[in-house]
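Numbering (this note's numbering), first residue to last: -2 to 135.
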């Protein structure tokens, strides 16, 4: 299990991952894992689209919740999801609309146990300290 996997259970994106896993029957660890099978990518693209539409999470944070993917992977998945919704995959459209409706009916309240903000704050503090050390050595 990678360092990013435990955080997928927290916060809004974690809830979306769980919702998509339940709808598709694909385990959450496969959705956030490295599998490139079409059915898994389809589920992952649903998570990305839903996270973008139903949360205020950045592309970077969505990618982190999905096993550490970068923002370009998230953009690609969102683009594919939009194509599926617009034409060619009515089941995908129905599934994403159904999950989006559930998310809007009962939005996720940020839990204090969401470790990501604390981790980001720690990394920013460390970077600031490193920069000041480098400046003193220069």
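Glycine residues also receive a C-beta, built at the ideal position from the N, C-alpha and C atoms. Since we're looking at a predicted model, the values are computed, not measured.
Give a yes or no on whether the C-beta atoms belonging to residue i and residue j are separated by under 8 Å.
{"i": "residue 23", "j": "residue 40", "result": "yes"}
{"i": "residue 78", "j": "residue 43", "result": "yes"}
{"i": "residue 17", "j": "residue 52", "result": "no"}
{"i": "residue 90", "j": "residue 71", "result": "no"}
{"i": "residue 97", "j": "residue 20", "result": "no"}
Helix, strand or coil: how does DSSP classify residue i here?
{"i": "residue 63", "result": "coil"}
{"i": "residue 88", "result": "helix"}
{"i": "residue 53", "result": "coil"}
{"i": "residue 132", "result": "helix"}
{"i": "residue 102", "result": "helix"}
{"i": "residue 41", "result": "helix"}
{"i": "residue 95", "result": "helix"}
{"i": "residue 121", "result": "helix"}
Where do the N-terminal and C-terminal ends of the alpha helix (DSSP H) with residue i fall, by residue?
{"i": "residue 14", "result": "8 to 21"}
{"i": "residue 138", "result": "Nothing about residue 138 can be reported from this structure: the residues present for the chain run from -2 to 135 only."}
{"i": "residue 25", "result": "25 to 29"}
Assuming residue i and residue j are in contact, meaning their beta carbons sit under 8 Å apart, how far apart are those beta carbons, in whole angstroms?
{"i": "residue 29", "j": "residue 14", "result": "7 Å"}
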